[in-house]
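Each number in this note's numbering comes from the position in the sequence shown (counting from 1) with 5 added on.
The C-beta atom is built at its ideal place from N, Cα and C for all residues, glycine as well.
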Amino acid sequence: NWIRSSDEFDGVIDFDQATRDPAHPTRFLAAYDSGDHLHPNDLGYQAMGNAVSLTLFRSLGVAAKPVPGLER
Numbered sequence: 006n007w008i009r010s011s012d013e014f015d016g017v018i019d020f021d022q023a024t025r026d027p028a029h030p031t032r033f034l035a036a037y038d039s040g041d042h043l044h045p046n047d048l049g050y051q052a053m054g055n056a057v058s059l060t061l062f063r064s065l066g067v068a069a070k071p072v073p074g075l076e077r
C-alpha cells in the first residue's frame with residue numbers, strides 16, 4: 006500500500022491490480038496463475054503488459070512504438 010500511496014515515485018504500474026482475483030484479492034486470478042501461486046503465466050504477463058499505458062513513456066521523453074500484432 007505504501008508504494009501505491011507514497012509520493013516517492015514518479016509513477017506506479019499496479020501489476021497486482023491487473024492480475025488479482027477480485028473474489029480473493031490476495032491471490033492471482035486463476036487464469037493468470039502459473040501454478041506456483043507466486044508467478045504469473047503467459048496470460049498473466051499479457052495482462053501486466055496491457056496494464057502499462059504507453060503514455061507513461063511519452064511523458065518521460067521516450068517515443069513508444071506499438072508492436073505490430075499485439076492488441077491494446
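Phe62 (DSSP reduced to helix, strand or coil): helix
Whole angstroms is fine: what's the gap from Ala36's alpha carbon to Ile18's? 20 Å
For Phe14, I'd like the list of residues in its chain whose CB is within less than 8 Å of its CB, leaving aside the five on either flank, ordered along the chain. Ile8
Between the CA atoms of Arg63 and Gln22 - distance to the nearest angstrom: 23 Å
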